[in-house]
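Residue numbers (our numbering): 1201 to 1436.
Using N, Cα and C, we set each Cβ at its ideal position, and we do this for glycine too.
Keep in mind it's a predicted model, so treat the numbers as computed, not measured.
The structure appears right after this line, and notes come after that.
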């Protein structure tokens, strides 16, 4: 069964969306804890929280994450987790899973240690731009493809991947179901699809392809998708 992860991106304490990962194209949607409660009321089990201040290197939103985690939802969160202390702080705030991004590329030793210590609580982010892995808040590119990096991380003990097609993120142009399904098949590991989910057609395609998870972000905030309907479909 595909797991639905409704998303909350937090910037300066507010729930926001960035268009194409650009920090100067921000839409504010309100209070993150209120939005999390709505997701729980819809029957969601998980919420995917992105700490944009963390990703940008301008502080963190752990207090708000703690507030969300004190409710009924399990929190999966990433953004700026570039050291052991920050990962520990995130778990101390009550998060169930931590999504690593840049460190998966820049610091294989740290990634390996975190995978050894936390196991299935670690999700390795494969953010992709033009077929290559993107790092540092999507500002730089690595020479490796997602599959190449994915194989290295799997060997280090990774059990979950978050595959984000940056070119589609926040664009409502449709999820990259083909690439996500291929990656999951090639790696033989749970992969979460992220970026571009625009409506129920995407959720159906993701679920029908047997993909482990789907992030629903902007489509929810723009009223293009009903979380209850998405949950109903994947659970049927």
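Of all the options 1356, 1254, 1243 and 1293, which has the alpha carbon lying nearest to the alpha carbon of residue 1278?
-> 1254
Nearest-angstrom Cα distance between residue 1217 and residue 1246?
-> 19 Å
Using 10 angstroms around the beta-carbon of residue 1270, count the other beta-carbons present and answer buried if the total reaches 16, otherwise exposed.
-> exposed
If you follow the beta strand (DSSP E) that residue 1421 is part of, which residue opens it and which one closes it?
-> Element bounds for residue 1421: not the beta strand (DSSP E) but the alpha helix (DSSP H), 1418 to 1421.
Select from 1411, 1289 and 1327 the residue whose C-alpha is nearest the C-alpha of residue 1349.
-> 1327
Is it the case that the Cβ atoms of residue 1381 and residue 1411 are separated by a distance below 8 Å?
-> yes
So residue 1206 is in the beta strand (DSSP E); what residue range does that whole segment cover?
-> 1203 to 1211
Mapping DSSP to helix, strand and coil, what is residue 1318?
-> Correct three-state label for residue 1318: helix.
Could you pull out every unbroken beta strand (DSSP E) segment of at least 3 residues lying fully inside the region 1288 to 1352, listed in chain order?
-> 1297 to 1300, 1322 to 1329 and 1332 to 1335
Closest to residue 1357 by CA distance: which of 1363, 1329, 1383 and 1318 is it?
-> Cα-wise, what sits closest to residue 1357 is 1318.
Quick one: grab the DSSP three-state call for residue 1253.
-> helix
Specify, as a first and last residue, the run of the beta strand (DSSP E) that residue 1392 falls within.
-> 1390 to 1394
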